[in-house]
Amino acid sequence: AAFVSFWLRGEASRRALEIANGCGALAVTEKGPMEGIASLATVEAFVATARTGAPA
């Protein structure tokens, strides 16, 4: 859903994929159907941290 949302807004495919991957990674950090849902700011920070290799 995150990829399609960003792609339909005209974002570059690479950015849409980064955000979608970040959403997926964060979604599985918590047990339950909605607990791992994060804000866009949280996802962007996670993606930026993951890109640099620094611990989250």
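Counting in the numbering used here, the sequence shown runs without a single skipped number right up to 359 at its last residue. Virtual Cβ for every residue (Gly too), placed ideally from N, Cα, C. Predicted, not measured: the structure shown is a model, and the values here were computed from it.
Limits of the unbroken alpha helix (DSSP H) element including residue i
i: Val-346; result: 343-355
i: Arg-317; result: 316-330
i: Ala-305; result: 305-311
Length of the line joining the Cα atoms of residue i and residue j
i: Ser-308; j: Thr-355; result: 25 Å
i: Ala-304; j: Asn-324; result: 11 Å
i: Phe-349; j: Leu-311; result: 22 Å
i: Leu-343; j: Leu-329; result: 11 Å
i: Phe-261; j: Met-337; result: The chain is shown from 304 up to 359; residue 261 falls before or after that span and cannot be answered.
i: Ser-316; j: Thr-332; result: 25 Å
i: Arg-318; j: Gly-327; result: 14 Å
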